[in-house]
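Engineer:
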Amino acid sequence: MKQAHRVVGTPARRADGVAKVTGAARYAVDLSVPGMAYAAVVRSTRAHAKITGIDRTAAAASPGVIRVLIGDDLLAAGLTPYYGHVVLDHPVLAIERVRFHGEPVAVVVAETKREAAEAAELVDVSYEDLPAVIDADEALKPDAPVLHERRGERVGDEGMDEGEKGLVGNVCAIARVEWGNIEEALARAHLVVEGEYRYPMLYGYAMEPYNALAFFDQGDLVVFSTAQHVYMVRRDLARMFHLPLARVRVSAPYVGGGYGTKSYTKVEGMTAAAAFFTGRAVKLDLSVEEAMLTTRSASAHIRARSAFTKDGMLLARDFQIVMNNGAYTDNTPLVNSKTANRCFGPYRIPALRVIARSVFTNTVPSSSLRGFGAPQGNIAGELQMDEAAAKLGIDPVELRLRNLVGPGEEFMPGKRPLDADLKDDLRCLASALEWPGTRIGRSIGLGVSASDAGAYPTSTAAVRIHSDTSVTLFTGSTELGQGSRTVLAQIVAEELGVPLESVGVVNGDTGVVTYERTTGASRTTTITGRAVQEACRDARRRVRELAVQAFDLPTSEIEDTAGGIRARGRGFSYGEVIEKWFGAGGEVLGHGAVRRAEGFAKMPPFYEIGCTGLELSVDRETGQVHVTKLTTVGDVGFAINPALVHGQDAGAAMMGLGAALHEELIYEGGQLVNPNVVDYR
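Position 183, counted from 1, in the sequence shown is what the numbering used here calls 171; the numbers after and before it change by one each time, with no gaps.
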């Protein structure tokens, strides 16, 4: 149908660009419905304590208050008061005890946001303090307080590589990656580099904090929220209210950033419960400070050993990793598993041992955030490459080049071979950094990585070709600011040969669109985009079938053209075929799906390639760091929209700088002391 790309591969203007810069775009926080009430959250002031009483009297009598809701109300109503996509252990509202400072204890619903907030101050919660543990290593000690004497119901397998084996005390999940004879390799090494490394707790800092609007419509639950994964949130809510999936609708309009932190259920359960008990539409809109008490990234303590020959060849790597999980399971088993798979780097390693443990502590629950466990482990592995280079007298770039795997070569046995040329990427980076040039006062450094990306490769999509040859795409992918609406529309326009401006996109609404497992893990263009391709091809096939009957044409004489078909020397647009068949109006529906069992012989679906280097100077008197140059090489293959790729790369680089130089959530005495825009750096 086409010899060269028309639409993909071009920096097409964002479909939502004008709406966003003019303020016309509607986010969940902008939505309202008639008769809507407002909710405010009462949060724990303790890190770990039994709840001995909750006095709601004063709050309930406060002006405008409709209801003061606590966890016991959900139990009494027969609802499932816990959620979690792997383990049901996260209470919608605390039941019997609190496990972290800031945990939701009650929700006040009132006629106005101000009335709800003022009444929330009047809820009197009595506590009996329990010993708290903030540090993950301390939580592993035999005498540490145990956060979950009874484990929640297991409802998923993601990241639970070891099953229930070894999950004692505060251990939430264990991941192991092993091959070769580690002890023999360490014994015969010329050099063994050993070290301990720590990665801080971080907050994703999306521009739009968590919020939701929920109501029941003739028994159906409708929720608008900031969810990245609308179908996973729907599943949690259906389980909570004992509803069929078909009677729960979750919609995420434009979402103001996510970076993984808006994966899975966050405030939707609280908001829906408030709507259930009041019979009203209820809106819950968190502040930035409250959002920082909702989720974070997992901090990590890594003990690592790397063994080398005299000429710098890796013999073995050994990683013992402890991840600070926070108070509840959330998504940390999968993050823990990904850390185990990503810490050792894309190198030829004859012997490897990685044991990663995710550990419960009395801190804000952790979940996914930029890199999904890769930064925590990769930093240790790359620092040891630099240390080994210095001790062996080998240039750090050369040491990496000697050990990197090549295109088509496995670096994890049984997994997909590397789908990029990392050596060429590293040479490109070194050239851009003018490596190893020296300048007075200049320091340069670099690192490489290859992450198993794509998450679980299950996606579906649908396209409707209308009688005017315009097309509507239906996708469960959420628009987080990454540009998915634009990229997926480009794929539709390319596949069907129609103008980009004639493609509309409906997305992120379980009541309307097709199933999409997740929006994250860099999977939308590669996995969802593939489903979109299949949907377009299915629609073209259906148009050809209609043309056979409508124009009495043999199938063999029909060929695809841009925006239609051609047969017997005459071209017909999609719209002409549709109108001929239906008589007037009508449309053709195409469906596409990608699933692991069919599409991928080996996992992961693809690798995320990272080569990053920077140049900086340090004021030796003040310690101030000044970054003068940051260079990244992202080996993405064919870029559907180069401008959006650059945007993603720049955004990730800035967040990486923040993590390295400035940012950390800090606990003192069981309290998170910097959950605000001033003190979190």
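For every residue, glycine included, the Cβ atom is placed at its ideal position computed from N, Cα and C.
Apply the 10 Å Cβ neighbour rule to H89 and answer buried if 16 or more other Cβ atoms are within range, or exposed otherwise.
Structural biologist: Position 101 of the sequence shown, counted from the first residue, corresponds to residue 89. Buried: at least 16 other Cβ atoms inside 10 Å.
Engineer: Starting from Q308 and walking both ways along the beta strand (DSSP E), at which residues does that stretch end?
Structural biologist: Taking the first residue of the sequence shown as position 1, residue 308 is located at position 320. Counting along the chain, the beta strand (DSSP E) containing Q308 begins and ends at L302 to G314.
Engineer: Assuming V121 and N324 form a contact by the criterion Cβ under 8 Å, report the distance between their Cβ atoms to the nearest whole angstrom.
Structural biologist: Along the sequence shown, one-based indexing puts residue 121 at 133. Along the sequence shown, one-based indexing puts residue 324 at 336. The pair is not a contact, with the Cβ atoms about 18 Å apart (cut-off 8 Å).
Engineer: For the alpha helix (DSSP H) containing T45, list its first residue and its last residue.
Structural biologist: As a position in the sequence shown, residue 45 is number 57, starting the count at 1. T45 to A48 is the extent of the alpha helix (DSSP H) around T45.
Engineer: Do you know whose CA, among P405, R511 and V95, lies nearest S447's CA?
Structural biologist: Taking the first residue of the sequence shown as 1, we reach residue 447 at position 459. The candidate whose alpha carbon is nearest that of S447 is R511.
Engineer: Less than 7 Å between C-beta atoms, sequence neighbours within five positions excluded: which residues of the same chain meet that for E482?
Structural biologist: Within the sequence shown, residue 482 is the residue found at index 494, counting from 1. For E482, where only same-chain residues beyond five positions count, the Cβ hits under 7 Å are H(-7), R(-6), V(-5) and V(-4).
Engineer: Do you know offhand how far E397's Cα is from A438's?
Structural biologist: As a position in the sequence shown, residue 397 is number 409, starting the count at 1. As a position in the sequence shown, residue 438 is number 450, starting the count at 1. Rounded to whole angstroms, E397 to A438 spans 13 Å at the Cα level.
Engineer: Would you say the region 149 to 160 touches the region 129 to 140, given that touching needs at least three Cβ pairs under 8 Å?
Structural biologist: Judged by Cβ distances under 8 Å, the region 149 to 160 makes contact with the region 129 to 140, as three or more pairs qualify.
Engineer: Out of A200, G257 and G365, which one is the CA nearest neighbour of P334?
Structural biologist: Along the sequence shown, one-based indexing puts residue 334 at 346. For the residues A200, G257 and G365, the minimum Cα distance to P334 belongs to G365.
Engineer: Could you tell me the boundaries of the beta strand (DSSP E) in which E683 lies?
Structural biologist: Examination of residue 683 is not possible in this model, given that the chain is present from -11 through 669 alone.
Engineer: Please state whether DSSP places C416 in a helix, a strand or coil.
Structural biologist: Locating residue 416 in the sequence shown gives position 428, counting from the first residue. C416 falls in the helix class under three-state DSSP.
Engineer: Thinking just about the alpha-carbon of each residue, which of M228, Y242 and V243 is nearest to the one in V236?
Structural biologist: Within the sequence shown, numbered from 1, the residue matching residue 236 stands at position 248. Comparing Cα positions, the closest option is M228.
Engineer: For the alpha helix (DSSP H) containing P133, name the first residue and the last one.
Structural biologist: Sequence index remark: in the sequence shown, residue 133 carries index 145 (1-based). Counting along the chain, P133 falls outside any alpha helix (DSSP H), and DSSP gives it neither H nor E.
Engineer: Residues in its own chain within less than 7 Å of Y(-1) by CB, not counting five upstream and five downstream?
Structural biologist: Numbered from 1 along the sequence shown, position 11 holds the residue referred to as residue -1. Before going further, note that residue -1 is Pro rather than Tyr in the sequence given. Excluding sequence neighbours, P(-1) sits near N629, P630 and A631.
Engineer: Expressed to the nearest angstrom, what Euclidean distance is found between the alpha-carbon atoms of R284 and R505?
Structural biologist: As a position in the sequence shown, residue 284 is number 296, starting the count at 1. As a position in the sequence shown, residue 505 is number 517, starting the count at 1. If you take the alpha carbons of R284 and R505, they lie about 22 Å apart.
Engineer: Quick one: residues in its chain with C-beta nearer than 7 Å to the C-beta of Q372, no 5 flanking neighbours on either side, listed in chain order?
Structural biologist: If you number the sequence shown from 1, residue 372 lands on position 384. Closer than 7 Å at the Cβ level, and outside the excluded window around Q372, lie V181, G183, A292 and S294.
Engineer: With distances taken Cα to Cα, identify the nearest neighbour of V9 among G469, G559 and V500.
Structural biologist: Indexing the sequence shown from 1 puts residue 9 at position 21. The residue with the shortest Cα to Cα distance from V9 is G469.
Engineer: Since R473 is in the alpha helix (DSSP H), which residue starts that stretch and which ends it?
Structural biologist: Residue mapping note: residue 473 aligns to position 485 of the sequence shown, counting from 1. Start and end: S472 to L484.
Engineer: In angstroms with no decimal places, state the Cα-to-Cα distance between H78 and D224.
Structural biologist: Taking the sequence shown and counting its residues from 1, the one referred to as residue 78 is at position 90. Taking the sequence shown and counting its residues from 1, the one referred to as residue 224 is at position 236. For H78 and D224, the distance between alpha carbons rounds to 11 Å.
Engineer: Output the distance between the C-alpha atoms of T466 and A64, rounded to the nearest integer angstrom.
Structural biologist: The residue you call residue 466 lines up with position 478 of the sequence shown. The residue you call residue 64 lines up with position 76 of the sequence shown. Looking at the two C-alpha atoms, the distance is approximately 35 Å.
Engineer: Considering only their Cβ atoms, is the gap separating L414 from V621 smaller than 9 Å?
Structural biologist: On the sequence shown, position 633 is the one that residue 621 refers to. On the sequence shown, position 426 is the one that residue 414 refers to. Against a cut-off of 9 Å, the Cβ pair of L414 and V621 comes out as a contact.
Engineer: Assuming V582 and I515 are in contact, meaning their beta carbons sit under 8 Å apart, how far apart are those beta carbons, in whole angstroms?
Structural biologist: In the sequence shown, residue 582 corresponds to position 594, counting from 1. In the sequence shown, residue 515 corresponds to position 527, counting from 1. Confirmed, Cβ separation roughly 6 Å.
Engineer: Could you pull out every residue in the same chain whose Cβ sits closer than 6 Å to the Cβ of R164, ignoring the five residues on either side in sequence?
Structural biologist: Here residue 164 refers to the residue found at position 176 of the sequence shown. So the list reads I343, once near-sequence residues are dropped.
Engineer: State the Cα-Cα distance for the pair I367 and S32, rounded to the nearest angstrom.
Structural biologist: Here residue 367 corresponds to residue number 379 of the sequence shown, with the count starting at 1. Here residue 32 corresponds to residue number 44 of the sequence shown, with the count starting at 1. Taking the straight line joining both Cα atoms gives about 34 Å.
Engineer: By Cβ distance, which residues of its chain are closer than 6 Å to G598, with the 5 residues on each side in sequence left out?
Structural biologist: Along the sequence shown, one-based indexing puts residue 598 at 610. The residues are S437.
Engineer: Is the region 380 to 393 touching the region 414 to 425 in the sense that three or more CB pairs, one from each, lie closer than 8 Å?
Structural biologist: Counting Cβ pairs under 8 Å, three or more are found: they touch.
Engineer: Per DSSP, what kind of secondary structure is S325 in: helix, strand or coil?
Structural biologist: Working through the sequence shown from its first residue, we reach residue 325 at position 337. Three-state result, S325: helix.
Engineer: Taking its Cβ as the centre, do 16 or more other Cβ atoms sit within 10 Å of L649, making it buried, or is it exposed?
Structural biologist: For the purposes of this step, residue 649 is taken as residue 661 along the sequence shown, with counting starting at 1. Exposed.
Engineer: On the three-state DSSP scale, how would you describe D383?
Structural biologist: Here residue 383 corresponds to residue number 395 of the sequence shown, with the count starting at 1. Here D383 sits in coil by DSSP.
Engineer: Just reading off the alpha helix (DSSP H) that L274 is part of, what are its end residues?
Structural biologist: As a working mapping, residue 274 is identified with position 286 in the sequence shown. Per DSSP, L274 belongs to no alpha helix (DSSP H) and is neither H nor E.
Engineer: Is the number of C-beta pairs between the region 105 to 125 and the region 36 to 55 that are closer than 8 Å three or more?
Structural biologist: Yes: at least three Cβ pairs fall under 8 Å.
Engineer: One question on the structure: do T253 and V270 come within less than 9 Å of each other, judged by their Cβ atoms?
Structural biologist: For this step, residue 253 is matched to residue 265 along the sequence shown. For this step, residue 270 is matched to residue 282 along the sequence shown. It is not a contact, given that the beta carbons lie outside the stated cut-off.
Engineer: Which parts of the region 569 to 633 are runs of the beta strand (DSSP E), unbroken and 3 residues or longer, counting only runs that do not cross its ends?
Structural biologist: Whole beta strand (DSSP E) segments, 3+ residues: 575 to 582, 594 to 606 and 613 to 621.
Engineer: Assuming contact is defined by CB atoms lying nearer than 9 Å, are A261 and L19 in contact in what I supplied?
Structural biologist: In the sequence shown, counting from the first residue as 1, residue 261 sits at position 273. In the sequence shown, counting from the first residue as 1, residue 19 sits at position 31. Going by C-beta atoms, A261 is not nearer than 9 Å to L19.
Engineer: Using three-state DSSP, classify A3 as helix, strand or coil.
Structural biologist: Taking the sequence shown and counting its residues from 1, the one referred to as residue 3 is at position 15. Note: A3 maps to coil in three-state DSSP.
Engineer: Of all Cβ atoms in chain D, is any one closer than 9 Å to the Cβ of D383?
Structural biologist: Among the protein chains of the structure shown there is no chain D, as only one such chain exists.
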